[in-house]
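Asks:
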């Protein structure tokens, strides 16, 4: 029953969605990150792991346009096949990407939501920024996405400030994914949540990413989260990538001393 | 017979950097060919590297030397040097692995856990669920458990879910790491039958079976491993 036709295709020939080359960022004399290079294909989840100060959040912020890198390239392949360096794109085009084709899920949902407009409007706003104008359709899409992230649709008109942390995070995910982004960045998406809420959110993210076929970069310090969500891992230390590869290979057969230390430091439950 | 899996000159030494750089040699210069329809059982005492070799065949462990080639879509792909994407593709369509333990995904119901490999392979959800149900019945997993996540199941129940998930997609190459370890005699017999059926349809199988009766029932030949001498 194996689909030999798809299996036979040489996937290494497909062009990547994102190619990062030699990305670097310094804060004055201090190193944020440097010499970071990787390729990312559609449907692939790349985990970036490391401790605080390893440069993983700096890297994510550079990739997602939150801060400017000071060296290297972020090559993105547009829907029409054209490849452009995000770093040299004119500002309006960068903003257009961030409004629709790219999505960013912040660690703290309060950074990604507007707390004083309704849950429905938080989702609808991103659609409207993409050009949607029909009220009924926008509201329908908002309610559809609320139920997909398991928020009761009778909460559509409630303000997110009244939601629990876990609900706010699910709302932020709905707001991000409603435009059907091709590339999603997530910064510690389960950080700061109760363990029971984390499991639900992880399962949700896993299902949605699979369903949408989006490429995804997830920063986390939690190796269990990385194992569950990421196909591939990059381990960062002191601003550099010290090890990269298949998630289970990096975690079960770590080669770099730092990766071995990280893996052996996890408490067994 | 068609060559499905070929291990050549494979060596593995674990270096423990967190423990003073201690080196633990596991094996070297291993060669093993497995053809379609054949079941080879890795045989040797504890510590001989059976599981490590099996995990290397799944690219979960990266060998220091040698090639591990798998027939994938008509050509041999070396997992030791392939890109992560290629390895994932080979695992998705060609190479199945049943470990001793189920890695539990929070909240996902048993039926979905078992059906997932079929759905990922492109089968529609209804057919995939039907086949998952048939597989679970065959392995005597009670129907009342199918809608529950397997996290709270007994060891034997989890292992049967794991076997169902590992065998359902009928992969051309199967790696089995003590799949019968915590099963009763009746369920062991079901696994022996499933392995026989997999061989019948042409799967190449490499396994570890400690139980002598099961081993004798499934093995076409044994591949002996001995503990490596300290370097």
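Residue numbers (the working numbering), protein chains in the order written: chain C, 104 to 372; chain B, 3 to 233. Each residue gets a CB set at the ideal place from its N, CA and C atoms; glycine is no exception.
Does the Cβ-Cβ distance between residue 137/C and residue 343/C come in under 8 angstroms?
Replies: In this structure, residue 343/C lies closer than 8 angstroms to residue 137/C by Cβ.
Asks: Confirm, please, whether the CB-CB distance from residue 43/B to residue 204/B is below 8 angstroms.
Replies: Cβ atoms of residue 204/B and residue 43/B: not closer than 8 angstroms.
Asks: Reducing DSSP to helix, strand and coil, say where residue 142/B ends up.
Replies: Looking at residue 142/B - three-state DSSP - the assignment turns out to be coil, as it is neither helix nor strand.
Asks: Can you name the start and end residues of the alpha helix (DSSP H) that residue 159/B belongs to?
Replies: Counting along the chain, the alpha helix (DSSP H) containing residue 159/B begins and ends at 157 to 169.
Asks: Could you name the residues that DSSP lists as bridge partners for residue 276/C?
Replies: DSSP, once it has assigned bridges, lists no residue as partnering residue 276/C.
Asks: If you draw a straight line from the C-alpha of residue 4/B to the C-alpha of residue 16/B, how long is it?
Replies: The alpha-carbon atoms of residue 4/B and residue 16/B are separated by roughly 33 angstroms.
Asks: Could you name the residues of chain C that residue 15/B contacts, counting a contact when the two beta carbons are closer than 9 angstroms?
Replies: Within chain C, no residue comes near residue 15/B; the closest Cβ sits about 11 angstroms away, beyond 9 angstroms.
Asks: Please work out which residues of its chain come closer than 7 angstroms, Cβ to Cβ, to residue 173/C, disregarding the five sequence neighbours upstream and downstream, and give them in chain order.
Replies: If we look at residue 173/C and ignore the five residues flanking it on each side, its Cβ neighbours are 127, 128, 129.
Asks: By DSSP, does residue 232/B sit in helix, in strand, or in coil?
Replies: Interpretation of residue 232/B is limited by its pLDDT of 43, a score under 50 that renders its predicted location unreliable; the figure taken from the coordinates is listed afterwards. Coil.
Asks: How about residue 222/C and residue 249/C: are their beta carbons less than 8 angstroms apart?
Replies: Yes, Cβ-Cβ distance for residue 222/C and residue 249/C is below 8 angstroms.
Asks: Which value, in whole angstroms, describes the spacing of the CA atoms of residue 278/C and residue 212/C?
Replies: The alpha-carbon atoms of residue 278/C and residue 212/C are separated by roughly 11 angstroms.
Asks: For residue 29/B versus residue 56/B, is the C-beta spacing smaller than 8 angstroms?
Replies: No. Outside cutoff.
Asks: Please list the partners that residue 360/C has in chain B, where partner means a Cβ-to-Cβ separation under 8 angstroms.
Replies: Under the 8 angstroms cutoff, chain B gives 19, 20.
Asks: If you draw a straight line from the alpha carbon of residue 46/B to that of residue 226/B, how long is it in whole angstroms?
Replies: The alpha-carbon atoms of residue 46/B and residue 226/B are separated by roughly 6 angstroms.
Asks: Listing by chain order, which chain C residues have their CB less than 8 angstroms from the CB of residue 73/B?
Replies: Going along chain C, no residue has its Cβ under 8 angstroms from residue 73/B, so there is no contact; the nearest lies around 10 angstroms.
Asks: 8 angstroms is my cut-off, CB to CB: does residue 302/C come that close to chain B?
Replies: Closer than 8 angstroms: yes.
Asks: According to a CB-to-CB cut-off of less than 7 angstroms, which residues of the region 57 to 85 of chain B neighbour chain C?
Replies: Going along the region 57 to 85 of chain B in chain order, one finds 61, 62, 63, 64, 74, 75, 76, 85 with a Cβ nearer than 7 angstroms to chain C.
Asks: Who are the near neighbours of residue 233/C in its chain, counting only those whose CB is closer than 7 angstroms to its CB and skipping five residues on each side?
Replies: The residues are 202, 203, 282.
Asks: Using beta-carbon positions only, say whether residue 253/C and residue 285/C come within less than 8 angstroms of one another.
Replies: Their beta carbons are not under 8 angstroms apart, which means residue 253/C does not touch residue 285/C by this criterion.
Asks: Shorter than 8 angstroms from the beta carbon of residue 107/B to some beta carbon of chain C?
Replies: Yes, because at least one Cβ of chain C sits closer than 8 angstroms to the Cβ of residue 107/B.
Asks: Verify whether the separation of the beta carbon atoms of residue 185/C and residue 334/C is less than 8 angstroms.
Replies: Not a contact, by the Cβ cut-off of 8 angstroms.
Asks: Listed from N- to C-terminal order along the chain, which residues in the region 137 to 171 of chain C have their beta-carbon within a distance smaller than 7 angstroms of any beta-carbon of chain B?
Replies: Answer set for the region 137 to 171 of chain C: 144.
Asks: List in chain order: all unbroken alpha helix (DSSP H) runs of 4+ residues lying wholly within the region 105 to 129 of chain B.
Replies: The region 105 to 129 of chain B contains these whole alpha helix (DSSP H) runs: 112 to 122.
Asks: Helix, strand or coil for residue 66/B per DSSP?
Replies: Coil.
Asks: Using the three-state DSSP reduction, which class does residue 133/C fall into: helix, strand or coil?
Replies: DSSP places residue 133/C in strand when its eight states are reduced to three.
Asks: In chain B, which residues lie with their C-beta within 8 angstroms of the C-beta of residue 207/C?
Replies: Per Cβ cutoff of 8 angstroms: no residues; residue 207/C is ~24 angstroms from chain B at best.
Asks: Within 8 angstroms of any Cβ in chain B, is that where the Cβ of residue 348/C sits?
Replies: Closer than 8 angstroms: yes.
Asks: At a Cβ threshold of 8 angstroms, is residue 208/B touching chain C?
Replies: It does not: the Cβ of residue 208/B has no partner Cβ on chain C nearer than 8 angstroms.
Asks: Determine the closest residue to residue 200/C out of 359/C, 135/C, 338/C, 229/C, with distance taken between C-alpha atoms.
Replies: The candidate whose alpha carbon is nearest that of residue 200/C is 229/C.
Asks: Under the DSSP definition of a beta bridge, which residues are partnered with residue 206/B?
Replies: For residue 206/B, which the question treats as bridged, DSSP gives the partners 175/B.
Asks: What residues from chain B crowd round residue 335/C, counting only those whose CB sits closer than 7 angstroms?
Replies: What residue 335/C touches in chain B: 86.
Asks: So, helix, strand or coil for residue 288/C, using DSSP?
Replies: DSSP places residue 288/C in strand when its eight states are reduced to three.
Asks: Is residue 338/C near residue 361/C, with beta carbons less than 8 angstroms apart?
Replies: Yes, they are a contact pair.
Asks: Give the residues from the region 246 to 257 of chain C that approach chain B closer than 9 angstroms (Cβ to any Cβ), ordered along the chain.
Replies: Correct list: empty, as no residue qualifies.
Asks: Beta-carbon within less than 8 angstroms of residue 83/C's beta-carbon, same chain only, minus the 5 sequence neighbours each way: which residues are those?
Replies: Because chain C spans 104 through 372 in this model, residue 83/C falls outside it and cannot be assessed.
Asks: Do residue 230/B and residue 38/B have their C-beta atoms closer together than 8 angstroms?
Replies: No. Outside cutoff.
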